[in-house]
Ligand SMILES: *[C@@H]1O[C@H](CO)[C@@H](O)[C@H](O)[C@H]1NC(C)=O
Ligand SMILES: *[C@@H]1O[C@H](CO)[C@@H](O)[C@H](O)[C@H]1NC(C)=O
Ligand SMILES: *[C@@H]1O[C@H](CO)[C@@H](O)[C@H](O)[C@H]1NC(C)=O
Ligand SMILES: *[C@@H]1O[C@H](CO)[C@@H](O)[C@H](O)[C@H]1NC(C)=O
Ligand SMILES: *[C@@H]1O[C@H](CO)[C@@H](O)[C@H](O)[C@H]1NC(C)=O
Ligand SMILES: *[C@@H]1O[C@H](CO)[C@@H](O)[C@H](O)[C@H]1NC(C)=O
């Protein structure tokens, strides 16, 4: 990360003597100017981590320890930041980043990221491009790729990975068989595709995308990823044909299903089935991530790691996505507004109070239910605060566009259907020997499964 001198990196007394404490971000959620000012402080604090626009650096990448996907998620939240606040300070930087990482096939599969890129990583970049389309973020000049076409390319690539041979369908977490997690089918990859398809259906009006959203939802619903009463679990393994699930709960997993259902509800002009799903996931998410015991049931908490302080480098950013997807759900499925908005409002006020750390006095921590800075900091903390604070503009911000309502991004339904430059771990094109290796692995896995069943029968 960048090297801002944080208070706790020196000694506390030194800070007290020399630090300038601005006592948190001021936020009056009834005043658009106050919301914009607060959002802008959190955005500035986040973009300080980004150096990809400096000479010699690579556009679109965050410095370590942040992974490629989180940069895509961050630029997506920056598109939303501009949409909520109309502050275009960062637009050129954001546009350059989103275009630099598209890869040679314009499908967000840059060869440099082969070892790190799963379906979920790819879809977060597609979400960013689609947010640009839905908000009429400035269109790139041709022959640069267009926002809608980029999202369609990711959709088409992921359709081609539909894996009917194991667990009856769905996507694996990983794209490449040589990466850890290739045997895992997880909610963020499958739910991510569901949300991508639902958004494309609403933006383009093309029923094929809605059919895929249905197909993916139905597969998830019959798998252990989703429970009949709308709980969302982390993932399931092909090694036992997805017969059980890892029951960890994460806010972004709920978020993709809430928002995907809201887009489908809106696309179907208010179908009862999607109404019930939006409501079901909204209620379980509110119960899980807004616990009464901390924050009185009104403050968003990443319950799987935040309180114990066990979050990894990715997890502090998850609340940013749940906040954004809750916000969009109130627009697309307005019957949820009275359920969701009070919780977002209290969370935004909590986040503003939590942005009271560091030498700048406005560095954001995680514990929105706590009045004083909790000592944590990072891209995820800044992003989450920025997302929930910007969402306070919802009452004046327009709903996402579609082609029918003025969305101007140019699409290409065939983007991402050409032969992909299949790559090996070091970014080389895959050779015949690599392929034989992968085939041997599949046979070995099958033998292992049969052998495993045999042992149990014994
Ligand atoms: C890089 O982006 C930051 C905003 O995050 C901006 O302040 C800075 O001027 C940019 N630098 C260049 C060289 O464009
Ligand atoms: C890939 O890595 C090379 C070598 O570091 C670099 O020059 C290039 O800009 C990178 N491309 C992307 C899209 O990250
Ligand atoms: C694997 O799971 C799918 C979906 O639940 C099911 O249709 C299929 O019969 C299962 N296969 C085996 C070998 O149990
Ligand atoms: C929703 O309503 C609009 C306007 O009446 C109509 O054009 C559209 O076909 C409907 N969509 C669906 C999926 O039924
Ligand atoms: C779909 O979204 C639009 C835009 O927010 C909203 O006006 C409309 O009421 C929504 N449709 C339904 C059926 O709720
Ligand atoms: C709708 O999307 C499908 C899937 O990408 C594509 O094959 C088809 O051409 C699209 N139809 C139109 C009218 O764009």
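In mature numbering (1 follows the signal peptide of the UniProt record, and there is no 0), the protein residues as written are -17 to -1, 1 to 441. Glycine residues also receive a C-beta, built at the ideal position from the N, C-alpha and C atoms.
- Within the model, the alpha-carbon separation for residue 79 versus residue 279 is close to 42 angstroms.
- Inter-residue distance for residue 347 and residue 360 is about 6 angstroms (C-alpha atoms, whole angstroms).
- Boundaries for residue 321: no beta strand (DSSP E) harbours it, while the alpha helix (DSSP H) harbouring it runs 320 to 337, taken from the DSSP string.
- A straight line joining the alpha-carbon of residue 355 with that of residue 296 spans about 22 angstroms.
- Taking C-beta separations shorter than 8 angstroms and ignoring five residues to either side along the sequence, the partners of residue 167 in its chain run 155, 156, 157, 218, 219, 220, 221, following chain order.
- Collapsing the DSSP output to three states places residue 209 in a strand.
- Between residue 10 and residue 311, the CB-CB gap reaches or exceeds 8 angstroms.
- Not a single heavy atom of ligand 6 lies less than 7 angstroms from the C-beta of residue 72.
- Listed in chain order, the non-local C-beta contacts of residue 376 below 7 angstroms within the same chain comprise 15, 18, 67, 68, local neighbours out to five positions each way being set aside.
- Remark: the shortest separation between the CB of residue 58 and any heavy atom of ligand 2 does not fall under 7 angstroms.
- If you ignore the 5 residues before and after residue 152, its C-beta comes within less than 7 angstroms of the C-beta of 145, 146, 202, all in its own chain and listed in chain order.
- Between residue 29 and residue 298, the beta carbon gap of about 16 angstroms keeps them out of contact (Cβ cut-off 8 angstroms).
- Every alpha helix (DSSP H) of 4 residues or more that sits fully in the stretch 272 to 318 is shown, in chain order, as 301 to 315.
- Between the alpha carbons of residue 244 and residue 250 lies a distance of about 10 angstroms.
- Secondary-structure assignment with DSSP links residue 347 through a beta bridge to 338.
- Scanning its chain for C-beta atoms nearer than 6 angstroms, with the 5 sequence neighbours on each side dropped, one finds around residue 303 the residues 60, 366, 367, 370, in chain order.
- Sequence-distant Cβ neighbours of residue 294 in its own chain, meaning closer than 6 angstroms and more than five residues away, are 288.
- Relative to ligand 3, residue 153 has its C-beta separated by 7 angstroms or more from all heavy atoms.
- When the five nearest sequence neighbours on each side are left out, the beta carbons in the same chain lying within less than 6 angstroms of the beta carbon of residue 238 are those of 304, 305, 308, in order along the chain.
- Take residue 104, set aside five residues on each side of it, and the residues of its chain with a beta-carbon closer than 8 angstroms to its own are 50, 51, 52, 55, 96, in chain order.
- A distance below 6 angstroms between beta-carbons, with the five flanking residues on each side excluded, links residue 320 to the following residues of its chain, in chain order: 313.
- Burial state of residue 125 is exposed, judged by a 10 Å Cβ sphere holding fewer than 16 other Cβ atoms.
- Apart from sequence neighbours up to five positions away, the residues of its chain that approach residue 170 with a beta-carbon distance below 7 angstroms are 208, 215, 216, 217, 218, 236, ordered along the chain.
- Short note on residue 338: C-beta not closer than 7 angstroms to any heavy atom of ligand 3.
- Under the three-state reduction of DSSP output, residue 220 falls in the strand class.
- In the displayed model, residue 235 falls within a helix according to three-state DSSP.
- DSSP, reduced to helix, strand and coil, places residue 139 within a helical segment of the structure shown.
- Under the criterion of beta carbons closer than 8 angstroms, residue 264 and residue 286 do not qualify as touching, at roughly 16 angstroms.
- Distance from the CA of residue 139 to the CA of residue 345, rounded to the nearest whole angstrom, comes to 42 angstroms.
- As the crow flies, the alpha-carbon of residue 189 is around 8 angstroms from that of residue 183.
- Residue 45 has its Cβ no nearer than 7 angstroms to any heavy atom of ligand 1.
- Taking a cut-off of 5 angstroms from the heavy atoms of ligand 6, the residues with a C-beta inside it are 189, 191, 396.
- The beta carbon of residue 178 sits no closer than 7 angstroms to any heavy atom of ligand 5.
- Between residue 116 and residue 392, the C-beta gap is smaller than 8 angstroms, which places the two residues in contact.
- DSSP lists 220 as the bridge partner or partners of residue 167.
- DSSP places residue 16 in the uninterrupted alpha helix (DSSP H) bounded by 15 to 30.
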